[in-house]
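Notes to accompany the following structure.
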Amino acid sequence: MNCVEMPSPNFNDRRLPITMIVLHYTGMKTAQEAIDRLCDPAAEVSAHYLVDEDGAIIRLVDDDKRAWHAGKSHWRDIDDVNSASIGIEIVNPGHEHGYRRFPEPQVDAVVRLVAHLKDRYEITRGNIVGHSDVAPVRKRDPGELFPWHRLSRLRLALPRPTKNLMDPFWGEAAFCLALERFGYDVSDRMAAIMAFQRRFRPELIDGEIDAECRMILLALLLPRPQGDD
């Protein structure tokens, strides 16, 4: 994988094997601002990779080290997401500075990088997630404009289910129990529901549990064929 090396001092040792990829947006006005922050010892934040809008990939922290990108987070049975994951920052100003669509060269580079890491570490599609998935109370990135469908078509992320959907008619408690089983922290139910919608139903993020949300979640929980990761 061709990368520009810009080492960040912000890392420590992993305590878990690599089983996840977490995608972020930088949420800063420029790529340079993001790089400066990710390499600033005083900031105490970092990521393994940054993907610029022109498709350039910058390596900040070696894969075998624990970068500080996820913060307080949870996915499935993992509370130390930083130890278990590779963090990828995607240059985009984010919701606070003029959130916009991700350019094609950038998306192409993200696809290449995710494919490389998925194969290298045998990461399952269900563990390729957004920052908002692992920290729904605090984060919205990479956001509703991120083209998850591009990744899912290449088997680099779980697709949004669209066929043979059935409504289980769950109430809120049952839906949130299913959402927790899928992987989300549901301690703040509204935040978890909106994070799920942002990922799997981005055209309507309202925190309401409707039939479409129930059907999508049920389909995601149903067993997939053996080897379909």
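Once you know that position 57 of the sequence shown is 57 in UniProt numbering, the rest is easy, because the numbers rise by one and skip nothing.
Ideal Cβ placement from N, Cα and C applies to all residues, glycine included.
Which of the three DSSP states, helix, strand or coil, is assigned to residue i?
| i | result |
| --- | --- |
| ARG66 | strand |
| SER152 | helix |
| ASP119 | helix |
| LEU177 | helix |
| VAL61 | coil |
| SER83 | helix |
| ASN12 | strand |
| GLU104 | helix |
| residue 233 | What the structure shows of the chain is the stretch from 1 to 229, and residue 233 is not part of that stretch, so it cannot be assessed. |
| VAL129 | strand |
| MET1 | coil |
| LEU222 | coil |
| GLU172 | helix |
| GLU89 | strand |
| MET6 | coil |
| LEU23 | strand |
| VAL45 | coil |
Measuring alpha carbon to alpha carbon, tell me which of the options ends up nearest residue i.
| i | options | result |
| --- | --- | --- |
| PRO159 | PHE11, LEU117, TYR49 and VAL129 | VAL129 |
| GLY87 | GLY55, VAL51, PRO93 and GLU104 | VAL51 |
| TRP75 | GLU144, LEU117, ALA195 and TYR49 | ALA195 |
| LEU220 | GLY207, TYR184 and ASP206 | TYR184 |
| GLU89 | GLN197, VAL186 and ALA47 | ALA47 |
| ARG201 | MET215, ASN127 and ARG189 | MET215 |
| LEU217 | GLY98, GLU53, ASP167 and ASN92 | ASP167 |
| ALA135 | ILE193, ASP229 and TYR49 | ILE193 |
| ASP77 | ALA191, GLU180 and TRP170 | GLU180 |
| GLY71 | SER83, ASP64 and ASP54 | SER83 |
| LYS118 | PRO161, ASP63 and PHE102 | ASP63 |
| ALA211 | LEU177, TRP170, ALA178 and GLU203 | TRP170 |
| ASP36 | PHE102, ASP229 and PRO9 | PRO9 |
| ARG100 | GLY143, ALA178, ALA31 and HIS116 | GLY143 |
| ASP229 | LEU177, ALA173 and ARG153 | ARG153 |
| GLY27 | PHE102, VAL114, LYS65 and ILE57 | PHE102 |
| PRO93 | ALA173, ALA31, LYS163 and LEU177 | ALA31 |
| ILE57 | LYS65, HIS116, ALA173 and LYS29 | HIS116 |
Under 9 Å between the Cβ atoms of residue i and residue j?
| i | j | result |
| --- | --- | --- |
| GLU122 | ARG59 | no |
| TRP148 | ARG112 | no |
| VAL61 | PRO7 | yes |
| PHE11 | ALA67 | yes |
| ARG131 | VAL22 | According to the sequence displayed, residue 131 carries His and not Arg. Result yes, Cβ atoms of HIS131 and VAL22 sit closer than 9 Å. |
| LEU165 | ARG125 | no |
| VAL107 | ARG150 | yes |
| HIS69 | VAL91 | no |
| ASP80 | ARG15 | yes |
Alpha carbon to alpha carbon, how far is residue i from residue j?
| i | j | result |
| --- | --- | --- |
| PHE175 | ILE209 | 8 Å |
| ASP13 | SER85 | 12 Å |
| PRO41 | CYS213 | 42 Å |
| ASP141 | PHE182 | 19 Å |
| SER73 | ASP206 | 22 Å |
| HIS97 | ASP188 | 26 Å |
| GLY55 | MET1 | 13 Å |
| GLU33 | TYR49 | 15 Å |
| PRO223 | LYS139 | 29 Å |
| PRO161 | GLU203 | 15 Å |
| GLU53 | ALA109 | 9 Å |
| VAL137 | MET190 | 9 Å |
| residue 236 | THR19 | Examination of residue 236 is not possible in this model, given that the chain is present from 1 through 229 alone. |
| ASN127 | HIS24 | 14 Å |
Are any of the Cβ atoms in chain D nearer than 9 Å to that of residue i?
| i | result |
| --- | --- |
| ALA192 | Chain labels in this structure do not include chain D; a single protein chain is all it has. |
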